[in-house]
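Residue numbers (this note's numbering): 64 to 514.
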């Protein structure tokens, strides 16, 4: 058979293009685009009106249709994505670019979005309370709440406190007003740093018993951003800003309970910012550059008598630790009745008891309660149970505070050998203030000037 005949026979056995099954055709770009458009258009078909609206009385305006489920899901996903992106950008700017200006610009963007646009409601600082309530009370937690709690902690474990560096809106507000920061003595600074530990313990206790969200009550950001709320909330926010003129970041250093968690994880961080991009030349210029007292100086060689004194002090602290923990456990169990009054049911129960004794008059709350199906005996029983729960939980909260204080005292008694100036990984906020104080950093930024 000639080549022409073989080609003719092969063409006869091959079906024409029109006879090929559509299932075997490769999808064209037009079909894919059409399918994608239909998929995106499908949710909007829910809003189509299948029947005309009823003819109601004149002047009636039908309410607008709202779809909060879809909108909330998109908004929450966007918030979590922006938080993760901001944390990654802060780590890149602090560790790789070593750019203080870049961190400030990122901080302004986070203040604009999380602060003014979202009005301070996206708050990892207070999210630990929702997590505590979910763990102890079995309350279902939305995934965005869990992610807002976990992402800054994960970032602290990987890169240090980059959340405090440029993502937290409250941190930037305090940085703006810190024009004349003053230094505190080490003893005063260490004593004030116990307050965040107490705030964390009480915040977990009150949230776990569903009594109150303590961190939200002492949040100075929301009243300032919204210019609303109680008068004492606005005054507290203004007071922190005024105090921040002379004391750098007072809320972050001496009040913020979430900072306790960030501080603990940052000490275990995988990588952390350094003062110098190269070898330390021992110029001592960075010693006074940090207003947060987060730079540790080189340690001199230990003398034998100092070593013996440190060993004795360490032994005394080890012996005193159980006593310290027990004392704080007892101390934190005492204010249970006062803490219980933060809940409305406990306050109403005490008011009903005063009404029964004739020392108080009826209020709108007590009148509404008597009109309900709940009995005063049930209310008094619930109030007593809440006081007992706070008393038991207060012992654990106090033991936690006592243990943290003991561990900090033990850590201060241990002499770690340092040959260079280093940022303290726990208290360093990774803000980059110390970068420009290092001559090695200036040499990196201006190599031609060096030449």
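Virtual Cβ for every residue (Gly too), placed ideally from N, Cα, C. Source: prediction; values computed, not measured.
Beta-carbon proximity check, residue i vs residue j, cutoff 8 Å
{"i": "residue 396", "j": "residue 457", "result": "yes"}
{"i": "residue 232", "j": "residue 174", "result": "yes"}
{"i": "residue 409", "j": "residue 401", "result": "no"}
{"i": "residue 165", "j": "residue 158", "result": "no"}
{"i": "residue 473", "j": "residue 380", "result": "yes"}
{"i": "residue 488", "j": "residue 332", "result": "yes"}
{"i": "residue 224", "j": "residue 492", "result": "yes"}
{"i": "residue 412", "j": "residue 446", "result": "yes"}
{"i": "residue 357", "j": "residue 490", "result": "yes"}
{"i": "residue 466", "j": "residue 374", "result": "no"}
{"i": "residue 222", "j": "residue 384", "result": "no"}
Neighbourhood of residue i by C-beta distance below 8 Å, restricted to the same chain and skipping five residues each side
{"i": "residue 184", "result": "285"}
{"i": "residue 194", "result": "204, 208, 209, 212"}
{"i": "residue 475", "result": "253"}
{"i": "residue 337", "result": "485, 486"}
{"i": "residue 479", "result": "362"}
{"i": "residue 348", "result": "500, 501, 502"}
{"i": "residue 398", "result": "457"}
{"i": "residue 442", "result": "408, 411, 412, 415, 432"}
Nonlocal neighbours in the same chain, by C-beta distance under 7 Å from residue i, ignoring five residues either side
{"i": "residue 272", "result": "449, 452, 453, 456"}
{"i": "residue 343", "result": "483, 484"}
{"i": "residue 323", "result": "259, 260, 263"}
{"i": "residue 35", "result": "The structure shown has nothing for residue 35, since the chain only spans 64 to 514."}
{"i": "residue 430", "result": "none"}
{"i": "residue 176", "result": "145"}
{"i": "residue 242", "result": "308"}
{"i": "residue 507", "result": "340"}
{"i": "residue 202", "result": "196"}
{"i": "residue 29", "result": "The first residue shown for the chain is 64 and the last is 514, placing residue 29 beyond what the model contains."}
{"i": "residue 468", "result": "257, 387"}
For residue j and residue i, believed in contact at Cβ under 8 Å, the rounded distance
{"i": "residue 497", "j": "residue 352", "result": "5 Å"}
{"i": "residue 310", "j": "residue 256", "result": "At roughly 13 Å, the Cβ-Cβ gap does not stay under 8 Å, so residue 310 and residue 256 are not in contact."}
{"i": "residue 216", "j": "residue 328", "result": "6 Å"}
{"i": "residue 45", "j": "residue 150", "result": "Any question about residue 45 goes unanswered here, given that the chain covers just 64 to 514."}
{"i": "residue 299", "j": "residue 283", "result": "5 Å"}
{"i": "residue 154", "j": "residue 218", "result": "7 Å"}
{"i": "residue 136", "j": "residue 214", "result": "Between residue 214 and residue 136 the Cβ distance is about 18 Å, and since that is not below 8 Å, they are no contact."}
{"i": "residue 318", "j": "residue 281", "result": "7 Å"}
{"i": "residue 237", "j": "residue 346", "result": "About 29 Å; that fails the 8 Å criterion."}
According to DSSP, residues forming a beta bridge with residue i
{"i": "residue 486", "result": "358"}
Close beta carbons around residue i, own chain, < 6 Å, minus the five adjacent residues each side
{"i": "residue 170", "result": "229, 235"}
{"i": "residue 178", "result": "232, 288"}
{"i": "residue 70", "result": "With a pLDDT of only 40 at residue 70, under 50, the local geometry of the prediction cannot be trusted, and the value read off the model is given with reservation. Excluding positions up to five away in sequence, the list is empty."}
{"i": "residue 266", "result": "192, 277, 278, 320"}
{"i": "residue 392", "result": "458, 461, 462"}
{"i": "residue 240", "result": "304, 307, 308"}
{"i": "residue 417", "result": "423"}
{"i": "residue 162", "result": "156"}
{"i": "residue 394", "result": "461"}
{"i": "residue 552", "result": "This structure cannot settle anything about residue 552, because the visible part of the chain is limited to 64 through 514."}
{"i": "residue 330", "result": "488, 489"}
{"i": "residue 189", "result": "278, 279"}
(message) Quick check for students: name the residue ranges of the alpha helix (DSSP H) that lie wholly in the segment 267-338, counting only runs of 4 or more.
(response) 277-280, 284-289, 294-306, 313-317, 321-329
(request) Taking only runs that begin and end inside the segment 192-218, name each unbroken alpha helix (DSSP H) of 4 or more residues, in chain order. (result) none
(message) Which runs of the alpha helix (DSSP H) at least 4 residues long sit entirely within the segment 124-169? Give them in chain order.
(response) 131-154
(request) Starting from the N-terminal side, write out each stretch of the beta strand (DSSP E) that is 3 residues or longer and does not extend beyond the segment 429-482. (result) none
(message) Ignoring anything shorter than 4 residues, give me the alpha helix (DSSP H) runs that lie fully in the segment 346-426, in order along the chain.
(response) 367-396, 399-403, 407-420
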